[in-house]
Amino acid sequence: MTINAAPNRHWRHNACVPRTFDDLVAEADSVPVEGWDFSWLDGRATEERPSWGYQRLLSRRLAGVSAALDIQTGGGEVLSGATTFPPTMAATESYPPNAALATKRLHPRGVVVVATRDEPPLPFADEAFDLVTSRHPVTVWWSEIARVLRPGGTYFAQHVGPATVLELVEYFMGPQPQRRTEHHPDVETAQARAAGLQVVDLRMERLRVEFFDIGAVVYFLRKVIWTVPDFTVDAYRERLRELHERITTDGPFVTHSTRVLIEARKP
1 MTINAAPNRH WRHNACVPRT FDDLVAEADS VPVEGWDFSW LDGRATEERP
51 SWGYQRLLSR RLAGVSAALD IQTGGGEVLS GATTFPPTMA ATESYPPNAA
101 LATKRLHPRG VVVVATRDEP PLPFADEAFD LVTSRHPVTV WWSEIARVLR
151 PGGTYFAQHV GPATVLELVE YFMGPQPQRR TEHHPDVETA QARAAGLQVV
201 DLRMERLRVE FFDIGAVVYF LRKVIWTVPD FTVDAYRERL RELHERITTD
251 GPFVTHSTRV LIEARKP
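Sequential numbering of the sequence shown, starting at 1, is according to the UniProt record's numbering.
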């Protein structure tokens, strides 16, 4: 996704009374999907966490700078977990429902949330920030990140890596070989360097994801819309029904996400 923006949390699986395909799909197709709170999936899906603990590392970095910017903040769920914000703290979000959630969550803590278009430029002056952060950005605007960073400033982020939930994508869309190279760390390193940044830390992990019922799959695809870009229940009902039968017979649908931790510094 330009997840591909899969969620960074543990979902728990609990035993439940079997439900029909139509009931599971109707429920998952009707619940709100704004923001990046994936608690609706508790008991219905699991995802391993990366070992590094992005939110904890983010909180440490925010506590040590004077001005920071969080790009594509979603509903502010991750940023709001920081214990301390710098004197100047801003965040951007382009999806209006998420921008509203982020404003409600972050304004009381002194964070300025700016609703932007999903394209450059960033609405900030040159060299405005010591730290720029992002968790699961859809697109990384390396030149803009370099522009708004002060000399010696840092970009610190967790990106969605290549082939994220590829097994799920290809179940619905067929072979997608290009997804194996999209968002590859080598490509992103080259792009960062081309923008004048020095990559000082780069890590990638492959993580197990399990879906325990078809409702979880529907909810996930509605929420992380770039996974299967044309997804609707009506368009994919027969494939969903086949997957429901497979899960019922064989157990959870297993796929894998990749996460990349990247830290780049402006000389």
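Just so it is clear, CB atoms sit at the ideal spot from N, CA and C, and this is done for glycine as well.
**Prompt:** I think Arg-206 touches Thr-258, with their Cβ atoms under 8 angstroms apart; what is that distance to the nearest whole Å?
**Reply:** 5 angstroms
**Message:** Using C-beta distances below 7 angstroms, list every residue in its chain close to Ala-82, excluding the 5 sequence neighbours before and after it, in chain order.
**Reply:** Leu-58, Ser-59, Leu-62
**Asked** Would you say Asp-218 and Asp-37 are within 9 angstroms of each other, going by their C-beta atoms?
**Response** Checking the sequence shown, residue 218 turns out to be Val, not Asp. No, the pair does not count as a contact, with Cβ atoms beyond the cut-off.
**Asked** Per DSSP, what kind of secondary structure is Asn-4 in: helix, strand or coil?
**Response** With a pLDDT of only 35 at Asn-4, under 50, the local geometry of the prediction cannot be trusted, and no value is derived from it.
**Request:** Please state whether DSSP places Gln-158 in a helix, a strand or coil.
**Result:** strand
**Message:** Let me check one thing: in DSSP terms, what residues is Arg-265 bridge-paired to?
**Reply:** Thr-154, Gln-198
**Asked** Glu-210 to Leu-149, Cα distance in whole Å?
**Response** 38 angstroms
**Request:** Report all residues from its chain with a CB closer than 8 angstroms to the CB of Pro-87; omit the five preceding and five following residues, and keep chain order.
**Result:** Ser-66, Ala-67
**Prompt:** On the three-state DSSP scale, how would you describe Arg-26?
**Reply:** The sequence shown places Ala at residue 26, rather than the Arg named in the question. If DSSP states are grouped into helix, strand and coil, Ala-26 belongs with the helices.
**Backbone CA spacing between Leu-131 and Leu-69 [nearest angstrom]** = 6 angstroms
**Request:** To the nearest angstrom, report how far apart Ala-91 and Arg-246 are at their CA atoms.
**Result:** 42 angstroms
**Asked** Since Gln-72 and Pro-137 are thought to touch, with beta carbons under 8 angstroms apart, how far apart are those beta carbons, to the nearest angstrom?
**Response** 5 angstroms
**Message:** Considering Cα atoms alone, identify which of Val-200, Pro-108, Ala-102 is closest to Ala-115.
**Reply:** Ala-102
**Request:** For the alpha helix (DSSP H) containing Arg-222, list its first residue and its last residue.
**Result:** 214-223
**Prompt:** Given that a residue counts as buried once 16 or more other Cβ atoms are within 10 Å of its Cβ, and exposed if not, what is Trp-52?
**Reply:** exposed
**Prompt:** Under three-state DSSP, which class holds Ala-90?
**Reply:** strand
**Message:** Applying the 10 Å Cβ sphere with the 16-neighbour rule, what's the burial state of His-107?
**Reply:** exposed
**Asked** Taking the alpha carbon of Gln-158 as the point to measure from, which residue in Pro-50, Asp-22, Pro-32, Leu-41 has its own alpha carbon closest?
**Response** Pro-50
**Message:** Whole angstroms are fine: how far does the CA of Gly-161 sit from the CA of Pro-185?
**Reply:** 7 angstroms
**Prompt:** What do you get for Val-112, buried or exposed, if any count of 16 or more other CB atoms within 10 angstroms of its CB means buried?
**Reply:** exposed
**Message:** Please classify Gly-74 as buried or exposed, where buried requires at least 16 neighbouring CB atoms within 10 angstroms.
**Reply:** buried
**Prompt:** Looking only at C-alpha atoms, which of Gly-251, Thr-249, Ile-214 sits nearest to residue 275?
**Reply:** Residue 275 lies beyond the stretch modelled for the chain, which goes from 1 to 267, so this question has no answer here.
**Local conformation of Ser-66 per DSSP, three classes** = coil
**Item:** Close-in-space but distant-in-sequence residues of the same chain around Glu-170 (CB under 6 angstroms, 5 per side omitted)
**Value:** Gln-176
**From Asp-118, Arg-147, Lys-104, residue whose alpha carbon lies closest to that of Phe-124** = Arg-147
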